[in-house]
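Number of protein chains: 2
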Amino acid sequence: MAVFSSLTPVFVAVLCVIIGFLFKNSRRREPRSKQKRSDQTARPWVDEDLQDDTEISSKHNDATEEENLQHIPYTPARYSAAEMLERSEKFYSLMNLRRSVRFISPEPVPKEVIDNVIRTAGTAPSGAHTEPWTFVVVSDADLKHKIREIVEEEEEINYKQRMGHKWVHDLKKLRTNWVKDYLDVAPCLILVFKQTYGFLSGGKKKTHYYNEISVSISCGILLAALQNVGLVTVTTTPLNCGPQLRSLLQRPANEKLLMLLPVGYPSSDAKVPDLKRKDLNDIMVTV
Amino acid sequence: MAVFSSLTPVFVAVLCVIIGFLFKNSRRREPRSKQKRSDQTARPWVDEDLQDDTEISSKHNDATEEENLQHIPYTPARYSAAEMLERSEKFYSLMNLRRSVRFISPEPVPKEVIDNVIRTAGTAPSGAHTEPWTFVVVSDADLKHKIREIVEEEEEINYKQRMGHKWVHDLKKLRTNWVKDYLDVAPCLILVFKQTYGFLSGGKKKTHYYNEISVSISCGILLAALQNVGLVTVTTTPLNCGPQLRSLLQRPANEKLLMLLPVGYPSSDAKVPDLKRKDLNDIMVTV
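Which chain is which? The protein sequence lines are A and B, in order. Going by this note's numbering, the first residue of the first sequence is number 89, and it counts up by one from there. Going by this note's numbering, the first residue of the second sequence is number 89, and it counts up by one from there.
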C-alpha cells in the first residue's frame, strides 16, 4: 500500500491530463450541425435540403442595413386567355429549340446584346433581394486561352481520375471530354460567380441567403435571354477550377465560380446529340 | 526504483488502454471529405463548391444505360444584329417588370397555359441530361389548405426560433412573415421537387448530377415563362416543410422539395416593395 500511495500523485496527475485531453477533444468533435440545430426545435423529419451553403451565423461580423421600403401598387400587363395561350406556346417553342451547343463560331457578338442579356439575368429573384451574382464577360483572347489551359488541365484529371467510369460513361453519349476548343473559339465566355456573402456600406459582412439557388435561377433566365437572341452556349460547371479561375480573374474571396458559359453563334457545322425531352406527363403531376 | 518497477505494468496497461482509445477516436474523427478525396488528386486549392449534393458513389447500386445517340446538325434561327438588339431589349423590359408578388387573385388560370409553362421549364439543361425535376401542380382547395397549415406551422417556428433576428430583420422590409394567405388564395401552387437520383429501366438507381443547380435553372426558365403570360408568383423555399409536403403529395423518396410557387394573376390591390435592382456595372465585369 505504501508503494501505491507514493505513486498516486504522479498517476493521478497523468490521468487528469489524459482525461482533460479526452474531454477537450470530445467537445471539439461535437458536430457543427448540432450546434446549428440548437436554436431550432429538434424533429426527426427536419429537412435540411432547403438549406444551401448560405453562411448565416454570428461567426461573421454580420449586420444589416436599416431600410424602410415603401410599398407600391403593382399593376402589370394583363392578357386575355387566348393571348396567354398563344404567348405560352410561342415561348415554349422558342425555348424548346434551345440546346447545349459545343460548336461555337468565332464571329464576334454585339456587345450591347450581351449587356442586355446580363441585365436580364439580373432581374432574377434572390434571397432577401441580395442579388448575389457577378457575371464576368471575357473576350480577350489571351485570357480565354489561360482559362482554357486551367479548365483542360483540371478536366483531364476529372475525366481520368475524379469522375469515375460511370460518370464518364454517362457523358459519352454527349461526346464531351476534357478538350474544350470552344473556350478559345467562342467570342465571349461568361463566368458566373455566386457571392457567398456581401458587404454592407460600413464594410461589415452581409448574409446572402440561398445564394447558390438564386444564382442558378438567374442562370436560367440568362439561358432564356441568350436563346431569345439566337446565341448558343453550354452550361458547364468545371470541377475544381473555381479557385484558379477566380484568382486569374482577380475576383474577391466572397465570390465562387458556379458556371462557365461559352457564348456565341453556333458554327455552321454545329451538331448536337439527338436527345429527346421527357413528356409533360413525366415531369408534371396535377392534383 | 523498486516502487516504480512494481507499478509499471499497471501504469503501462492503463496508458495503453487510454492511448488505444484516443487513437480509435482520432481515426473515427477523420473527416469524411478526406475519404471522398482519396481517389482524387489532393491539392490545396481544390474547389468543392461546384459540387452540390449529387449522390455519386458506389454505395448505390448504380448502373448506366447503354445509349448510342446519333448526333444531328443544329441550325437555329439567326437574327441580324439589329434584330438581336431589339429582341434583347424587349425581353429585358418584360423580365424587368417581374416582381415577387404575395398578393394573388383567386381567379382561375387557364390549365393549358400552366401546362405550357411547365413544358417550357422542362427545356432546361441538366447534368448529363437527367431532367431531374417534378412539378406538382395543386389546385384542389383542401390540399392547398393542408399545404398552408404545414407551411405556416413550420414558418412560425422558423421566424420565431430558427431564422434568428438578423434574417427576420432582413426580410422585414419585404413585409414577409409566417402568415401565407396566398397558399389558400392562389388558384394553383407549383411545388418543385428535385430528384436526387433516378431509376434505370431495370430499377437500378441512376445518378442525377448537379440536380439542385439543374432544377434551379429550370425554375429560372419557369419564372420567365410565367412572366411572359402575365402571371405572378413568389419563389419560396419553406424551411423544414419538405418531408411533410412530400408525404402529403405522396412523392417518392428520391424527390425533395426545392421550391414552392403560388401562381395566379396579381390581385387588384397587389403591392410590392419599392426595390431597385443593381446597375449593370455592379453585376457585370468585362475583361
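Positions of the beta carbon are idealized from the N, C-alpha and C atoms, including for glycine.
Check your understanding: Taking Cβ positions only, does B/Leu363 come closer than 8 Å to chain E?
Key -> No chain E appears in this structure, whose protein chains are A and B.
Point to revise | Whether A/Leu327 touches A/Thr321 by CB criterion (8 Å) | key: Here A/Leu327 is not near A/Thr321, since their CB atoms are 8 Å or more apart.
Check your understanding: Roughly how many whole angstroms lie between the Cα atoms of B/Thr284 and B/Ala170?
Key -> In this structure, the alpha-carbon of B/Thr284 lies about 43 Å from that of B/Ala170.
Practice item. Find the residues of chain A that neighbour B/Asp258, judging by a C-beta separation of less than 8 Å, and give them in chain order. Key: Those are Thr152, Ala216, Thr295, Tyr297, listed as they occur along chain A.
Review point. According to the Cβ coordinates, are B/Lys268 and B/Leu346 closer than 8 Å?
Key: Pairing B/Lys268 with B/Leu346 gives a Cβ-Cβ distance that is not under 8 Å.
**Study point:** Neighbour flag for B/Phe287 against chain A, beta carbons, 8 Å
**Key:** Answer no: the Cβ-Cβ gap between B/Phe287 and chain A never drops below 8 Å.
Point to revise | Where B/Pro275 falls, given that 16 or more other Cβ within 10 Å makes a residue buried | key: Counting every other CB atom within 10 Å of its CB across the protein chains shown gives B/Pro275 a total of 16 or more, marking it as buried.
Check your understanding: Going along the chain, which residues of the region 158-174 of chain A sit with their C-beta nearer than 7 Å to a C-beta in chain B?
Key -> Going along the region 158-174 of chain A in chain order, one finds Gln158, His159, Ile160, Pro161, Tyr162, Pro164, Ala165, Arg166, Tyr167, Ala169, Met172, Leu173 with a Cβ nearer than 7 Å to chain B.
**Study point:** Per-residue burial, A/Ser306 [other beta carbons within 10 Å of its own, 16 or more giving buried]
**Key:** A/Ser306 is buried by the Cβ-count criterion.
Exercise for review: Hey, could you find the ends of the beta strand (DSSP E) A/Glu393 is sitting in?
Suggested key: Absent from the structure is residue 393 of chain A, since the part of chain A shown begins at 89 and ends at 375.
Check your understanding: Between the C-alpha atoms of B/Val280 and B/Val373, what's the straight-line distance to the nearest angstrom?
Key -> Cα to Cα, B/Val280 sits roughly 32 Å from B/Val373.
Check your understanding: For A/Asn246, does the count of other Cβ atoms within 10 angstroms reach 16, so buried, or fall short, so exposed?
Key -> Looking at its Cβ environment, which holds 16 or more other Cβ atoms inside 10 Å, A/Asn246 is buried.
Exercise for review: Establish whether the CB of B/Glu195 and some CB of chain A are separated by less than 8 Å.
Suggested key: Judged by the 8 Å Cβ criterion, B/Glu195 is not in contact with chain A.
Point to revise | Test: A/Tyr247 CB closer than 8 Å to a CB of chain B | key: Taking Cβ atoms only, chain B never reaches closer than 8 Å to A/Tyr247, which makes this a no.
Check your understanding: According to DSSP, is B/Phe281 helix, strand or coil?
Key -> B/Phe281: strand per DSSP, three-state reduction.
Exercise for review: Compare the Cα-Cα distances from A/Arg334 to each of A/Lys260, A/Val225, A/Glu200 and report the closest residue.
Suggested key: The residue among A/Lys260, A/Val225, A/Glu200 with its C-alpha nearest the C-alpha of A/Arg334 is A/Val225.
**Study point:** Unbroken beta strand (DSSP E) run spanning A/Glu343, endpoints
**Key:** According to the DSSP assignment, A/Glu343 belongs to the beta strand (DSSP E) that extends over 343-351.
Review point. Looking at chain A, which residues of the region 198-223 of chain B have a Cβ within less than 7 Å of any of its Cβ atoms?
Key: From the region 198-223 of chain B, only Pro198, Glu200, Val201, Asp203, Asn204, Val205, Ile206, Arg207, Thr208, Gly210, Thr211, Ala212, Pro213, Ala216, His217, Glu219, Trp221, Thr222, Phe223 have a Cβ closer than 7 Å to chain A.
Check your understanding: Would you call B/His217 buried or exposed, if buried means 16 or more other Cβ atoms sit within 10 Å of its Cβ?
Key -> Buried, since its Cβ has 16 or more Cβ neighbours within 10 Å.
Review point. Which residue comes first and which comes last in the alpha helix (DSSP H) that contains A/Met183?
Key: Element bounds for A/Met183: 169-184.
**Study point:** Integer Cβ distance of A/Thr362 from B/Ile160, believed to fall under 8 Å
**Key:** With the sequence shown as reference, residue 362 of chain A is identified as Asp, and Thr is not the correct amino acid for it. Confirmed, about 5 Å.
Point to revise | 6 Å Cβ shell around A/Leu310 - same chain, five flanking residues per side excluded | key: Excluding positions up to five away in sequence, the list reads Ala209.
Point to revise | Coil, strand or helix - B/Ser302 by DSSP | key: Note: B/Ser302 maps to helix in three-state DSSP.
Exercise for review: Please name the residue or residues paired with B/Val225 in a DSSP beta bridge.
Suggested key: Its beta-bridge partners are A/Thr374, B/Ile278.
Practice item. For A/Gln332, count neighbouring Cβ atoms within 10 angstroms of its own Cβ and tell me buried if that reaches 16, exposed if not. Key: Classification of A/Gln332: buried, given that the 10 Å Cβ count is 16 or more.
Review point. Using CA coordinates, which residue listed in B/Leu349, B/Pro213, B/Arg339, B/Gly252 is at the minimum distance from B/Val189?
Key: Considering only alpha carbons, the answer is B/Leu349.
Exercise for review: Put B/His159 into one of helix, strand or coil per three-state DSSP.
Suggested key: Of the three classes helix, strand and coil, the one that applies to B/His159 here is strand, per DSSP.
Review point. Which first and last residues belong to the beta strand (DSSP E) in which A/Pro361 is found?
Key: Looking at the DSSP string, the run of the beta strand (DSSP E) that includes A/Pro361 is 359-361.
Check your understanding: In chain A, what lies closer than 8 Å to B/Leu337 by C-beta?
Key -> Those within 8 Å of B/Leu337 in chain A are Val373, Val375.
Exercise for review: Kindly indicate which residue of B/Gly308, B/Pro196, B/Leu173 has the alpha-carbon position closest to the one of A/Lys199.
Suggested key: With respect to the C-alpha of A/Lys199, the residue from B/Gly308, B/Pro196, B/Leu173 having the closest C-alpha is B/Leu173.
Review point. Comparing the C-beta of B/Ala341 with each C-beta of chain A, is any distance below 8 Å?
Key: No, no contact with chain A.
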